[in-house]
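Protein chains in written order, with the numbering used here: chain W, 1 to 194; chain V, 1001 to 1194.
Built from N, CA and C at the ideal position, the CB exists for glycine as well.
Written below as C-alpha cells is the structure these notes are about.
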C-alpha cells in the first residue's frame, strides 16, 4: 500500500528515505479504498485532505449551469488529487472529485503535511520538486489553451500523458481538453488517416 | 529601488526581514533598467534570471507560425517575470519577454535564489507562499480557459486584476484572454450597455 508512496519520495527526493522517517510518513497518511463513482470531494465542502493515488484513476471537475461536467484534472497511480486552493485556504471547493476506477488512496491534511515537511527532509525535498513540476505543467496547459488548436491540444496530451488516453473514456478526455466529444472523435479519425 | 522588494518579502513572510539578511538579498539581486519594447528574454535563449518588477509593466508571449503574439503572462510592480521552466531547467525558452513600459527590475539567478532560500528564512517563507499563490492562480486560469465564455473570462480578469486592464493596451488584454481584439471590443460594448 505504502510502497508506491515510498518509491515516489525516493525518486523525487533523489535519496532513500530512512525507515524512521518513513514511519512518520505512514503515521501521517490515512489509507482509504474508494470505489468507482464514489466521491472524494463534493462541491461546497472543504477539501480537508490531499490524496496520493497508489492505485486507480480519479478526476476533478465542476458542473456548469447547464449540467455539463468540466474536467480540470485527471489522475492515476503516483499522482496527487485534491483541490489545492480549498486544501490550503480551507475554503469551500468549487469542484467535485470522484473515482473513475476502484482506487486506493493515501490521504493527508495540510497541517500534517506541513509538520512532515519540517520533520522529514526527504518530504521537504519531494514537495519542492512537486511544486516546481506542477508550475511547469500548469504553464504548459495554459499555453496550450491559449495558443493551440483542439488537434494540437490532443496531440500534446498524447505526447505528454499517453497513459491518460488509455484509462479514461473519450467523453472525459474531451471535457479535459475543453472540446465536445464529437470534435474529439473527428480529430481522432483525421489523425488515423494521416 | 530595493524598497518594493523589502516590502514584498515582509508582507509574504509575515515578519520583518533583518538588515543583515536583507544585505544578502541585495547582494544576490542585480538592478537593471529596461526600456519600453526592450527584451528581457528572447525565444531560444535560456532564461538565466527571474525578475522582480519594482516599477513598470512587462509581458511574456510566444509568436505562432502566422506571426500572432500569444500572451501567456502580464506583470506590473511587485510581480515576478521569467519563464519558469527555462529558469529552473536551463532549457531554451519558447517565449519572449519584453517591457511594455519603461521598467526597473531586480534580477536573480536560480542558483543564487536557492542559496538565499537556504540562508535567509524570510526568503524561504516568501517563496513557499509565492509557490502556493501561483498554483492557485494557475488553477483558476486553467478553469477559466476550460469552463468560461470569453465574456466570463474578461469579467474574471476585471475582478481579479483590475490594474492590468488600466496598464495594458486592449490588443494585449485580448491576446492574454485568448480572444480577438474584435471580440474583446464587442464584449466591452455589451457590458457598458448592461
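DSSP places residue 189 of chain W in the helix class (H, G or I) of the three-state scheme. The C-beta distance from residue 1187 of chain V to residue 1154 of chain V rounds to 5 Å, short enough to fall under 8 Å. Distances from the CA of residue 1168 of chain V to each of V:1045, V:1007, V:1071 were compared; the closest alpha carbon is that of V:1071. A check of alpha carbon separations from residue 38 of chain W across W:83, W:160, W:124, W:58 identifies W:58 as the nearest. With 16 or more other Cβ atoms inside 10 Å of its own Cβ, residue 1075 of chain V counts as buried.
With contacts defined as CB atoms closer than 9 Å, residue 34 of chain W and residue 126 of chain W fail to qualify as a contacting pair. When V:1085, V:1173, V:1023, V:1089 are compared, the shortest CA-CA separation from residue 1150 of chain V is found for V:1173.
Contact between the stretch 1078-1086 of chain V and the stretch 1051-1070 of chain V is established, with three or more Cβ pairs separated by less than 8 Å. Neighbourhood of residue 1052 of chain V in chain W, by CB distance below 8 Å: empty, with the nearest CB roughly 17 Å away. Inclusion of residue 1060 of chain V and residue 1097 of chain V in the CB contact set at 9 Å is warranted, their separation being smaller than that value.
For the stretch 128-155 of chain W, residues whose beta-carbon sits nearer than 7 Å to a beta-carbon of chain V comprise 131, 132, 134, 135, 136, 138, 139, 141, 142, 143, 145, 146, 147.
Within the stretch 58-121 of chain W, the runs of alpha helix (DSSP H) at least 4 residues long that lie entirely inside it are, in chain order, 84-89, 110-119. With the rule of 3 Cβ pairs closer than 8 Å, the stretch 127-136 of chain W counts as touching the stretch 1118-1137 of chain V. Residue 1041 of chain V sits away from residue 1103 of chain V, with the two beta carbons spaced by 9 Å or more. Flagged as an interface residue toward chain W: residue 1084 of chain V, by a C-beta distance shorter than 9 Å. DSSP places residue 49 of chain W in the strand class (E or B) of the three-state scheme. The C-alpha of residue 1170 of chain V is placed about 13 Å away from the C-alpha of residue 1189 of chain V.
In this structure, the CA atom of residue 66 of chain W is about 15 Å from the CA atom of residue 178 of chain W. In the same chain as residue 1028 of chain V, and ignoring 5 residues on each side of it, the C-beta atoms closer than 6 Å to its own belong to 1108, 1112, 1116, in chain order.
The bridge partners DSSP lists for residue 26 of chain W come to none. Nearest neighbour of residue 1148 of chain V by Cα position, chosen from W:101, W:69, W:106, W:99, turns out to be W:69. The residue from V:1129, V:1185, V:1146, V:1160 with its alpha-carbon nearest to that of residue 88 of chain W is V:1129. If you compare the alpha carbons of V:1073, V:1192, V:1161, V:1162 with that of residue 140 of chain W, the shortest gap goes to V:1073. Burial is judged here by how many other beta carbons sit within 10 angstroms of a residue's own beta carbon; residue 1020 of chain V has fewer than 16 and is exposed. Residue range 3-13 is occupied by the alpha helix (DSSP H) that includes residue 12 of chain W, with no beta strand (DSSP E) assigned at that position. Residue 83 of chain W is classed as buried because its beta carbon has at least 16 other beta carbons within 10 Å across all chains shown. Cβ-Cβ separation between residue 152 of chain W and residue 95 of chain W: approximately 26 Å, too far for a contact (criterion under 8 Å). A check of alpha carbon separations from residue 175 of chain W across W:145, W:30, W:2 identifies W:145 as the nearest.
Proximity of chain V to residue 88 of chain W at the Cβ level (cut-off 8 Å) is accounted for by 1132, 1136, in chain order. Between residue 122 of chain W and residue 13 of chain W, the C-beta spacing is below 9 Å.
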